[in-house]
Amino acid sequence: MRMLPRDRFIEMSDPDLVLGHSIPPTNAVSEILHHAQIEARHKVLQVGTGAGYLAALLSKLAAQVVTMEINPALARA
Numbered sequence: 051m052r053m054l055p056r057d058r059f060i061e062m063s064d065p066d067l068v069l070g071h072s073i074p075p076t077n078a079v080s081e082i083l084h085h086a087q088i089e090a091r092h093k094v095l096q097v098g099t100g101a102g103y104l105a106a107l108l109s110k111l112a113a114q115v116v117t118m119e120i121n122p123a124l125a126r127a
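The sequence shown lines up with residues 51 to 127 when you count with my numbering.
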């Protein structure tokens with residue numbers, strides 16, 4: 051997570067769109083990645099892309115990541 055700073059995924063022109071809604075807290079991201087036990091051969095489906103931070107981290111761990119976002123404003127960001 052140190053190699054991929056989360057602040058690069060926060061659109062500060064509209065922080066209410068992102069903060070608390072689409073980027074999990076750092077400790078939550080650590081827990082998710084730890085418990086998921088992702089390996090380089092895995093394919094991952096992430097539902098709820100948000101700002102894309104978790105998807106970016108997952109892409110460093112898995113062979114393939116597919117992600118979906120229902121919120122049009124976040125999907126366009």
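Note that CB positions come from ideal geometry on N, CA and C, so glycine has one too.
All values reported here derive from a predicted model rather than from experimental measurement.
- For P74 and K93, the gap between their C-alpha atoms comes out near 21 Å.
- A direct Cα-Cα distance of roughly 6 Å separates V97 from T117.
- Of the residues assessed, I88 falls on the buried side of the cut-off, its CB having 16 or more other CB atoms within 10 angstroms.
- If the five residues before and after Y103 are omitted, its C-beta is found closer than 7 Å to the C-beta atoms of R56, F59 and I73, all from its own chain and listed in chain order.
- By the C-beta density criterion, E119 is buried, having at least 16 other C-beta atoms within 10 angstroms.
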